[in-house]
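> Every number in the working numbering is 380 more than the matching position in the sequence shown, counting from 1.
Just dropping this structure here.
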Amino acid sequence: MSRVTVENHQGVQTGSERRRNQRADLIVRIDYSTVDEMFSEFTRDINEGGIFIETEKPQALGTEVKMHFNLPGGQERIETIGRVVRISGGKGSAVPGMGIEFEELAEGDRLTIDRLVRALRLGGPLN
């Protein structure tokens, strides 16, 4: 089951680059792999540019990951490749995990994610 809420964050994505897209808190199971390992964790939030995976053992900055997950209300599995661009150690109130920037996301999947975030912001249906 998925849990979604919306927040308007203006956090840092990489270095001095500012987040360009609204993101929505989204907790769904995500399966991802690196060159030599496979993992199954939960997401924390998403936007059309990337996703945050909650984990106590984040991958190193720059690591390429292959991911697949289902959005709430969606029957299609989203498969994409991304790269670790941010690591959160979970200090204070921060959630431990890693920010992944999508590098290879099909245009249809990008639009689906964008529609989901917009619907959540407006309180509309998820499908």
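By construction, the Cβ of each residue, glycine as well, lies at the ideal position given by its N, Cα and C atoms.
Keep in mind the model is a prediction, meaning the values are calculated, not measured.
(1) Select from A499, E487 and I431 the residue whose C-alpha is nearest the C-alpha of D411.
(2) Between the alpha carbons of D405 and T414, how many angstroms are there, rounded?
(3) Would you mind stating whether I426 and I467 have Cβ atoms separated by less than 9 Å?
(4) Could you check what DSSP says for V408 in three-state terms: helix, strand or coil?
(5) Grouping DSSP H, G and I as helix and E and B as strand, with all else coil, what is G488?
(6) For V497, which of helix, strand or coil comes out of DSSP?
(7) Any idea if G469 is buried or exposed, counting beta-carbon neighbours within 10 angstroms, 16 or more meaning buried?
(8) Using a 10 Å radius around the Cβ and a threshold of 16 neighbouring Cβ atoms, would you call L496 buried or exposed?
(9) Using the C-alpha atoms, what's the distance from T423 back to A499?
If we stick to the structure as given:
(1) Translated into positions along the sequence shown, residue 411 becomes position 31. The candidate whose alpha carbon is nearest that of D411 is I431.
(2) Mapped onto the sequence shown, residue 405 falls at position 25. Mapped onto the sequence shown, residue 414 falls at position 34. Approximately 24 Å, taken between the alpha carbons.
(3) On the sequence shown, residue 426 is found 46 positions in, with the first residue counted as 1. On the sequence shown, residue 467 is found 87 positions in, with the first residue counted as 1. No; because the gap between Cβ atoms is not below 9 Å, this pair is not in contact.
(4) As a first step, residue 408 must be located in the sequence shown, where it is residue number 28. Coil at V408, not helix or strand.
(5) Indexing the sequence shown from 1 puts residue 488 at position 108. Three-state DSSP puts G488 in a helix.
(6) Translated into the one-based positions of the sequence shown, residue 497 becomes position 117. V497: helix per DSSP, three-state reduction.
(7) Along the sequence shown, one-based indexing puts residue 469 at 89. That one is exposed.
(8) In the sequence shown, the residue the question calls residue 496 occupies position 116. Answer is buried; the Cβ neighbour count reaches 16.
(9) As a first step, residue 499 is located in the sequence shown; it is residue number 119 there, counting from the start. As a first step, residue 423 is located in the sequence shown; it is residue number 43 there, counting from the start. If I take the Cα positions, the gap works out to 19 Å.
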